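Following our numbering, the numbering of the sequence shown begins with 1 at its first residue and continues without gaps.
The structure under discussion appears below in the form of structure tokens.
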Amino acid sequence: MARSADGETAPRSRGRRRSGEADARAQILEAASKEFLEKGYDSTSLRGIARRAEVDPALVHHYFNDKAELFAASVSSPMRPDLIVRQVLSGPRDQIGVNLVTVVLTTMESGKSAERIISIIRTALGHDFAATMLRQFITREVLKKIAEDLGAEDGELRAGAAASQIVGLFMVRYGVRVEPLASAPIEEVARRIGPVIQWHLTGYPALLDTGTADNE
Numbered sequence: 001m002a003r004s005a006d007g008e009t010a011p012r013s014r015g016r017r018r019s020g021e022a023d024a025r026a027q028i029l030e031a032a033s034k035e036f037l038e039k040g041y042d043s044t045s046l047r048g049i050a051r052r053a054e055v056d057p058a059l060v061h062h063y064f065n066d067k068a069e070l071f072a073a074s075v076s077s078p079m080r081p082d083l084i085v086r087q088v089l090s091g092p093r094d095q096i097g098v099n100l101v102t103v104v105l106t107t108m109e110s111g112k113s114a115e116r117i118i119s120i121i122r123t124a125l126g127h128d129f130a131a132t133m134l135r136q137f138i139t140r141e142v143l144k145k146i147a148e149d150l151g152a153e154d155g156e157l158r159a160g161a162a163a164s165q166i167v168g169l170f171m172v173r174y175g176v177r178v179e180p181l182a183s184a185p186i187e188e189v190a191r192r193i194g195p196v197i198q199w200h201l202t203g204y205p206a207l208l209d210t211g212t213a214d215n216e
């Protein structure tokens, strides 16, 4: 409790503290955006962001659990890598590719915040740093974790190959908007692109319903 000028006890104002916390979070996000743009996703560290924001590293961890969460917040992205990985791995192993495309595109196209990451994808068309940052984020936080869970010995290579398909899909669907892929329903895109990603991650194709019976 604080005392007023006339000696009376007055309640401590909490508005300023909330404002200070909001300012600190905004300061961290601004520093993170600059670090990611200058150094790329892989080379950026939470300590480096804290140093640039002139805050204690513990304060960064107070607001953000990890680098992936901070990156998503810094670009106002709706992507939560941990949730994407969990959703994809909860389904059948032979449908991981289809499920991955479905979950990622559904996430990308839901909510106002999706507009921000789509703008980054369009920026990546003309700027190598943006393309590299996007690829590194998807590879490290989503695809590599899926490949590791599957027990692949060459998980990093598989994740990189799958990332090339995902980033390429982003560029075609959201960047240059090649039709009819740009406007195709998510289910249709997943059915066509998913088996390719499945092959990269597991080495065997997804089971497709072709509507034809097996030859006896």
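The beta carbon of each residue, even a glycine, is placed where N, CA and C say it ideally should be.
Model, not experiment: these values are computed from the prediction.
Exercise for review: Would you mind listing the alpha helix (DSSP H) stretches within the region 144-184 that are 4+ residues and don't spill past its ends, in chain order?
Suggested key: 144-149 and 155-170
Review point. Pick from Ile28, Arg52 and Ala72: whose alpha carbon is nearest that of Val60?
Key: Ile28
Point to revise | Where Asn65 sits in the DSSP three-state scheme | key: coil
Check your understanding: Short check: CB of Ala68 to CB of Pro81, under 8 angstroms?
Key -> yes
Check your understanding: Going straight from the alpha carbon of Arg18 to that of Ala124, what length do you get?
Key -> With a pLDDT of 40 at Arg18, under the threshold of 50, the predicted position of this residue should be treated as unreliable, though the coordinate-derived value follows. Arg18 and Ala124: Cα-Cα distance of roughly 36 angstroms.
**Study point:** Rounded separation between Leu46 and Phe64 - CA only
**Key:** 10 angstroms
**Study point:** Nonlocal neighbours in the same chain, by C-beta distance under 8 angstroms from Arg122, ignoring five residues either side
**Key:** Tyr174 and Gly175
Exercise for review: For my contact list, Leu201 and Ile96 are in at a C-beta cut-off of 8 angstroms; report their separation, rounded to the angstrom.
Suggested key: 6 angstroms
Review point. Is Ile166 closer than 8 angstroms to Val103 when the C-beta atoms are compared?
Key: no
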